[in-house]
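Peer 1: Those protein sequence lines, which keep their order, are chains F and L. Residue numbers for the first sequence follow my numbering, beginning at 2 and rising by one. Residue numbers for the second sequence follow my numbering, beginning at 266 and rising by one.
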Amino acid sequence: MREYLENNYLNDKTTIRSWLVTYDHKRIGLMYLFAIMFFFAVGGILALMMRLELITPAGGDLLDKNTYNVFYTLHGAIMIFMFIIPSVPAAMGNIILPIMLGTKDVAFPKLNLASWYVYVVGSAIGIFSIVSGGVDTGWTFYTPYSSSTDTAVMSMTFAVFVLGFSSIFTGINFIVTIHKMRAPGLNWFSLPLFVWSLYATALIQILATPVIAVTMILLIMERTLQVGIFDPAMGGDPVLFQHFFWFYSHPAVYIMILPGMGIISELISTFSKKKIFGYTYIAASTMAIALFGFLVWGHHMFTSQSEFAALIFSVITYLTALPSGVKIFNWLATLYRARISFEAPMLYALNFLLLFAIGGLTGIFLGTLSVDVMLHDTYFVVAHFHYVMMGGTVIAFLGGLHYWWPKIFGRMYSEKWARISAIMIFFGFNLTFIPQFIMGSLGMPRRYWQYDGLKNTDVFHFYHQLSTIGSWFIALSFLIMLVYLIHSIKNGKVAGSNPWGALTLEWQTPSPAPAHNFLEEPKISHGPYDYDKIEIDRTIDK
Amino acid sequence: MSQDKNPYFQHHFVDSNQQYESSKLGMWAFLVTEVLTFAGFFCAYAIYRMWNPDMFINAHRALDATMGATNTVVLITSSLTMALAIRYVQVNKPKVALVHLVLTFIFACTFLVIKYFEYEHKFHCGHLPGALYSPQVYPDCVSIEGNNPHVFFSIYFMMTGLHGIHVVAGMVLILWLIIRTYKGHFTSAYYTPVEMVGLFWHLVDLIWIYLFPLLYLIG
Numbered sequence: 002m003r004e005y006l007e008n009n010y011l012n013d014k015t016t017i018r019s020w021l022v023t024y025d026h027k028r029i030g031l032m033y034l035f036a037i038m039f040f041f042a043v044g045g046i047l048a049l050m051m052r053l054e055l056i057t058p059a060g061g062d063l064l065d066k067n068t069y070n071v072f073y074t075l076h077g078a079i080m081i082f083m084f085i086i087p088s089v090p091a092a093m094g095n096i097i098l099p100i101m102l103g104t105k106d107v108a109f110p111k112l113n114l115a116s117w118y119v120y121v122v123g124s125a126i127g128i129f130s131i132v133s134g135g136v137d138t139g140w141t142f143y144t145p146y147s148s149s150t151d152t153a154v155m156s157m158t159f160a161v162f163v164l165g166f167s168s169i170f171t172g173i174n175f176i177v178t179i180h181k182m183r184a185p186g187l188n189w190f191s192l193p194l195f196v197w198s199l200y201a202t203a204l205i206q207i208l209a210t211p212v213i214a215v216t217m218i219l220l221i222m223e224r225t226l227q228v229g230i231f232d233p234a235m236g237g238d239p240v241l242f243q244h245f246f247w248f249y250s251h252p253a254v255y256i257m258i259l260p261g262m263g264i265i266s267e268l269i270s271t272f273s274k275k276k277i278f279g280y281t282y283i284a285a286s287t288m289a290i291a292l293f294g295f296l297v298w299g300h301h302m303f304t305s306q307s308e309f310a311a312l313i314f315s316v317i318t319y320l321t322a323l324p325s326g327v328k329i330f331n332w333l334a335t336l337y338r339a340r341i342s343f344e345a346p347m348l349y350a351l352n353f354l355l356l357f358a359i360g361g362l363t364g365i366f367l368g369t370l371s372v373d374v375m376l377h378d379t380y381f382v383v384a385h386f387h388y389v390m391m392g393g394t395v396i397a398f399l400g401g402l403h404y405w406w407p408k409i410f411g412r413m414y415s416e417k418w419a420r421i422s423a424i425m426i427f428f429g430f431n432l433t434f435i436p437q438f439i440m441g442s443l444g445m446p447r448r449y450w451q452y453d454g455l456k457n458t459d460v461f462h463f464y465h466q467l468s469t470i471g472s473w474f475i476a477l478s479f480l481i482m483l484v485y486l487i488h489s490i491k492n493g494k495v496a497g498s499n500p501w502g503a504l505t506l507e508w509q510t511p512s513p514a515p516a517h518n519f520l521e522e523p524k525i526s527h528g529p530y531d532y533d534k535i536e537i538d539r540t541i542d543k
Numbered sequence: 266m267s268q269d270k271n272p273y274f275q276h277h278f279v280d281s282n283q284q285y286e287s288s289k290l291g292m293w294a295f296l297v298t299e300v301l302t303f304a305g306f307f308c309a310y311a312i313y314r315m316w317n318p319d320m321f322i323n324a325h326r327a328l329d330a331t332m333g334a335t336n337t338v339v340l341i342t343s344s345l346t347m348a349l350a351i352r353y354v355q356v357n358k359p360k361v362a363l364v365h366l367v368l369t370f371i372f373a374c375t376f377l378v379i380k381y382f383e384y385e386h387k388f389h390c391g392h393l394p395g396a397l398y399s400p401q402v403y404p405d406c407v408s409i410e411g412n413n414p415h416v417f418f419s420i421y422f423m424m425t426g427l428h429g430i431h432v433v434a435g436m437v438l439i440l441w442l443i444i445r446t447y448k449g450h451f452t453s454a455y456y457t458p459v460e461m462v463g464l465f466w467h468l469v470d471l472i473w474i475y476l477f478p479l480l481y482l483i484g
């Protein structure tokens, strides 16, 4: 069946209006995909400029100090609220989830479209705050600084408030779709693990996101009416802001990582052509991470709460490592003695295993009270966070993008360039962030615009140079990716319905999918990972 | 509910029942987000009351418990009329349901009118949130001892204000139901919107049932 479906969701209707008012989850997902890639580029350029500034110890080579403060705030806020949070669920999940479930669409197509528009409006408000001077508080908006600085905190926090609704809408949609819209015969334990991870993510989205909404409202009220909740000058408590903020933002890092883990489960089983090891345990650990995620927010505040509270949060943080470890070992056990093929998506999956393991283990360092006292607010934290978020989520996202690209556009990208780019990202990423671990452990503070005159300036200078060079490698590999992906949309080889020989439902429909996902009712004849029972031919040559 | 009788069947569902069940679960999920939104304010309330117990007791005397109690009765009654409206449309009596929806709307208006008089008195006495707090010494105004009384009124206005916004949102939805019921859109074959708005309206009522004792009846 190596053919390109001529009448598909992409050309079903072709006017711009037909895209702007579409209820088709695939089109909405695709619009999300373009929007988030745009913001990924914006956030990335900000990061490149900051790295360039840090190539010498002196400040002011490229950016003045206020601009630097604004840049790291915007880099964080854009990457988190406008890129990573919607990246896998709202873009990738939107396109794939209903097809995986064998249904025509998500439960509430209008709400789905509304979520995209809310996202666009929220992002527009965010852009407005950039052009009206930017924000210099850091993406965490800590009070009392955020309630007193002159920069555009109001519009940025309002943007976060609005973006939260888009996240909630997606969450509600996915929960209902997974509960109520599964094809007949598809029970909970024959769902692909990507679906489980989207389900856990959606639960966190609806439970945690409202709390950031309240927090942002309270911060806006603090700035307009001095209500006295967060501002110590008015009898408020700035630490309460931190509690509220992290009560959302810690679970939010699981909104970011869980869907990525779901993608990895798909990739590893597909490219090992082996039944996933410990399906039930991976599904259960997904839910466990979602649960534990709500109980560890205090580990962001070890230095601003009682020792007893810090102790409790430290212990629960350790517990969170268990379900993540369960996943890693199940993936490794799946790889054990398997017929692995090393195509681009699989390279990303293997990247993920290594980088996420480093990110996760350094998280244990930071969860240890005594070690955290030394490491907190250093580059060690920055490196840890990027290993989990970029080495974890972004790498998984790229793996998913390459895996489902032939389903989305019906054509293959250049496998050779995809592999080159994947390997370059791996080297560039480690070159950027391993030096940051070392600098951090030597005491290089985060968010510094210049590091002249510190005790270890010479050492820091060397590692900052390595890190900056690494960031150019990453940028270059993304440029290569941009070129071969765009080239493939028109000129790629036809992929056919199932280029990877995978067993989940989305590969049983032609590529690109028809407007209503399936030409005939999908039949559930086997589990999502039954590679031990049946073999399906690939529609492209290996 | 069979598919052929439901004129509002959406074709991405398998049947009408799946559509109904989906709407209901979606509404409950939305209500969960509402509860968590208010949870932030309840949490702030608990913390500041724990820190300033005496001030909270002194400040709550500025609130009018009679008006608050009246509003509680009004809202609970409106929940009853809402529930009856759902029941009547379920048993295919949309005209009786329409009467109950109109009653619900009137009760909601009553709630807001009473709330307006309460707010008006707070403005008169200068019992206002945050920096706007400027207590007056009129004979009909309570003077409040204790630390940071403006925080009490910040919490009072933010919580009842957000609740008030929900009442207004509920009224818009009920008005929409009234128009659609009047046009004959709802029968026993299709009444999902009536039930969903009903769920929302009960939540608005429920939040007030917590707000009333916590703000008006302490000490």
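The C-beta atom is built at its ideal place from N, Cα and C for all residues, glycine as well.
1) Between which two residues does the alpha helix (DSSP H) harbouring residue 437 of chain F extend?
2) Can you give me the Cβ contacts of residue 303 of chain F inside the same chain, cut-off strictly under 8 angstroms, excluding the 5 residues immediately before and after it?
3) Determine the extent of the alpha helix (DSSP H) in which residue 56 of chain F is found, giving its start and end residues.
4) For residue 295 of chain L, which residues in chain F fall below 7 angstroms Cβ to Cβ?
5) Count the CB pairs spanning the region 470–482 of chain F and the region 419–432 of chain F that are closer than 8 angstroms, and state whether there are at least three.
6) Between residue 269 of chain F and the rest of its own chain, which residues show a CB-CB distance below 6 angstroms, the 5 nearest in sequence each way excluded?
7) Can you find a CB in chain F that lies within less than 7 angstroms of the CB of residue 415 of chain L?
8) What residue from L:454, L:462, L:483 has the CA that sits closest to residue 355 of chain L's CA?
9) Let's see if you can read the secondary structure: which residues bound the alpha helix (DSSP H) around residue 369 of chain F?
10) Spatial neighbours of residue 339 of chain F within its chain, please: C-beta separation below 6 angstroms, excluding the five flanking residues on both sides.
11) Would you kindly report the start and end of the unbroken alpha helix (DSSP H) that includes residue 423 of chain L?
12) Thinking residue 345 of chain F and residue 412 of chain F are a contact (beta carbons under 8 angstroms), I'd like their distance in whole angstroms, please.
13) By how many angstroms is the C-alpha of residue 399 of chain L removed from the C-alpha of residue 293 of chain F?
14) Would you kindly work out how many angstroms separate the C-alpha atoms of residue 262 of chain F and residue 404 of chain F, rounded to a whole number?
15) What is the C-beta distance between residue 181 of chain F and residue 286 of chain L, in whole angstroms, given that I count them as a contact (C-beta under 8 angstroms)?
16) Jot down the residue ranges of each uninterrupted beta strand (DSSP E) in the region 332–362 of chain L, minimum 3 residues, whole runs only, in chain order.
17) Between residue 151 of chain F and chain L, is the shortest Cβ-Cβ distance under 7 angstroms, so that the two count as touching?
18) Name the chain F residues whose beta carbon is nearer than 7 angstroms to that of residue 450 of chain L?
19) Given this structure, state the Cα-to-Cα distance separating residue 185 of chain F from residue 522 of chain F, to the nearest angstrom.
20) Is the Cβ of residue 389 of chain L closer than 7 angstroms to any Cβ of chain F?
21) Hey, how far is the Cα of residue 214 of chain L from the Cα of residue 452 of chain L?
22) Applying the 10 Å Cβ sphere with the 16-neighbour rule, what's the burial state of residue 352 of chain F?
23) On a Cα-Cα basis, can you pick out the residue from F:121, F:267, F:95, F:122 that is closest to residue 109 of chain F?
24) Going residue by residue through the region 371–412 of chain L, where are the continuous alpha helix (DSSP H) segments of at least 4 residues, counting only ones entirely within it?
25) Report yes if the CB atom of residue 77 of chain F is closer than 7 angstroms to the CB atom of residue 117 of chain F, and no otherwise.
26) Below 8 angstroms on the Cβ atoms is my guess for residue 509 of chain L versus residue 443 of chain L; work out the distance and round it to an integer in Å.
27) Given a cut-off of 7 angstroms, decide if residue 179 of chain F and residue 200 of chain F are closer than it, judged by their beta-carbon atoms.
28) Taking DSSP as the reference, what is the three-state secondary structure of residue 225 of chain F?
29) Please list the terminal residues of the continuous alpha helix (DSSP H) segment that includes residue 183 of chain F.
30) Beta-carbon of residue 318 of chain L versus every beta-carbon of chain F: anything under 7 angstroms?
31) Within the continuous alpha helix (DSSP H) that includes residue 4 of chain F, where are the two ends?
32) State the CB to CB distance for the pair residue 385 of chain F and residue 364 of chain F, rounded to an integer number of angstroms; the pair is presumed to be in contact (CB under 8 angstroms).
33) Would you list the one or two residues that DSSP bridges to residue 446 of chain F?
34) Quick check on DSSP: helix, strand or coil for residue 467 of chain L?
35) Would DSSP call residue 121 of chain F helix, strand or coil?
36) Could you have a look at residue 335 of chain F and say whether DSSP puts it in helix, strand or coil?
Peer 2: This is what the structure holds:
1) By 1-based counting over the first sequence, the position of residue 437 of chain F is 436. Taken as a continuous stretch (DSSP letters only), the alpha helix (DSSP H) holding residue 437 of chain F covers 416–442.
2) Here residue 303 of chain F refers to the residue found at position 302 of the first sequence. Excluding sequence neighbours, residue 303 of chain F sits near 311, 314, 315, 370, 373, 374, 377.
3) In the first sequence, counting from the first residue as 1, residue 56 of chain F sits at position 55. Per DSSP, residue 56 of chain F belongs to no alpha helix (DSSP H) and is neither H nor E.
4) On the second sequence, residue 295 of chain L is found 30 positions in, with the first residue counted as 1. Ordered by position in chain F, the residues that pass the 7 angstroms Cβ test against residue 295 of chain L are 173.
5) yes
6) On the first sequence, position 268 is the one that residue 269 of chain F refers to. The answer, listed in chain order, is 332, 335, 350.
7) The residue given as residue 415 of chain L occupies position 150 in the second sequence. Yes, its Cβ sits closer than 7 angstroms to a Cβ of chain F.
8) Residue mapping note: residue 355 of chain L aligns to position 90 of the second sequence, counting from 1. Ranking L:454, L:462, L:483 by Cα distance to residue 355 of chain L puts L:454 first.
9) Counted from its first residue, the first sequence places residue 369 of chain F at position 368. Where residue 369 of chain F is concerned, there is no enclosing alpha helix (DSSP H), given that its DSSP letter is neither H nor E.
10) Numbered from 1 along the first sequence, position 338 holds the residue referred to as residue 339 of chain F. 273, 275, listed in sequence order.
11) By one-based count along the second sequence, residue 423 of chain L stands at place 158. That run of the alpha helix (DSSP H) goes 414–447.
12) Numbered from 1 along the first sequence, position 344 holds the residue referred to as residue 345 of chain F. Numbered from 1 along the first sequence, position 411 holds the residue referred to as residue 412 of chain F. Contact doesn't hold; Cβ gap of about 14 angstroms is too wide.
13) In the first sequence, counting from the first residue as 1, residue 293 of chain F sits at position 292. In the second sequence, counting from the first residue as 1, residue 399 of chain L sits at position 134. Distance between the alpha carbons of residue 293 of chain F and residue 399 of chain L: 45 angstroms.
14) The residue given as residue 262 of chain F occupies position 261 in the first sequence. The residue given as residue 404 of chain F occupies position 403 in the first sequence. Those two C-alpha atoms are separated by around 14 angstroms.
15) For the purposes of this step, residue 181 of chain F is identified with residue 180 of the first sequence, where counting begins at 1. For the purposes of this step, residue 286 of chain L is identified with residue 21 of the second sequence, where counting begins at 1. Right, the Cβ-Cβ distance comes to about 5 angstroms (below 8 angstroms), so this counts as a contact.
16) none
17) Counted from its first residue, the first sequence places residue 151 of chain F at position 150. Residue 151 of chain F does not count as touching chain L.
18) Sequence index remark: in the second sequence, residue 450 of chain L carries index 185 (1-based). None at all; the shortest Cβ gap to chain F is about 17 angstroms.
19) Your numbering for residue 185 of chain F matches position 184 in the first sequence. Your numbering for residue 522 of chain F matches position 521 in the first sequence. So the alpha carbons of these two residues sit roughly 10 angstroms apart.
20) The residue you call residue 389 of chain L lines up with position 124 of the second sequence. Cβ-Cβ to chain F under 7 angstroms: no for residue 389 of chain L.
21) Because chain L here runs from 266 to 484, residue 214 of chain L falls outside it and cannot be looked at.
22) Within the first sequence, numbered from 1, the residue matching residue 352 of chain F stands at position 351. Buried.
23) As a first step, residue 109 of chain F must be located in the first sequence, where it is residue number 108. With distances taken between Cα atoms, residue 109 of chain F lies closest to F:95.
24) none
25) Within the first sequence, numbered from 1, the residue matching residue 77 of chain F stands at position 76. Within the first sequence, numbered from 1, the residue matching residue 117 of chain F stands at position 116. Not in contact: residue 77 of chain F and residue 117 of chain F (Cβ atoms no closer than 7 angstroms).
26) Outside the shown range of chain L (266 to 484) lies residue 509 of chain L, about which nothing can therefore be said.
27) Walking along the first sequence from the start, residue 200 of chain F turns up at place 199. Walking along the first sequence from the start, residue 179 of chain F turns up at place 178. Yes, they are a contact pair.
28) Start at 1 with the first residue of the first sequence, and residue 225 of chain F comes out as number 224. If DSSP states are grouped into helix, strand and coil, residue 225 of chain F belongs with the helices.
29) Indexing the first sequence from 1 puts residue 183 of chain F at position 182. Per DSSP, residue 183 of chain F belongs to no alpha helix (DSSP H) and is neither H nor E.
30) Your numbering for residue 318 of chain L matches position 53 in the second sequence. Judged by the 7 angstroms Cβ criterion, residue 318 of chain L is not in contact with chain F.
31) In the first sequence, counting from the first residue as 1, residue 4 of chain F sits at position 3. Here residue 4 of chain F belongs to no alpha helix (DSSP H), and DSSP marks it neither H nor E.
32) The residue labelled residue 385 of chain F in the question sits at position 384 within the first sequence. The residue labelled residue 364 of chain F in the question sits at position 363 within the first sequence. Yes, residue 385 of chain F and residue 364 of chain F are in contact; Cβ-Cβ is about 6 angstroms, under 8 angstroms.
33) Taking the first sequence and counting its residues from 1, the one referred to as residue 446 of chain F is at position 445. Note: residue 446 of chain F sits in a beta bridge opposite F:379.
34) Start at 1 with the first residue of the second sequence, and residue 467 of chain L comes out as number 202. Helix, per DSSP.
35) If you number the first sequence from 1, residue 121 of chain F lands on position 120. Note: residue 121 of chain F maps to helix in three-state DSSP.
36) Indexing the first sequence from 1 puts residue 335 of chain F at position 334. Residue state, collapsed to three classes: helix.
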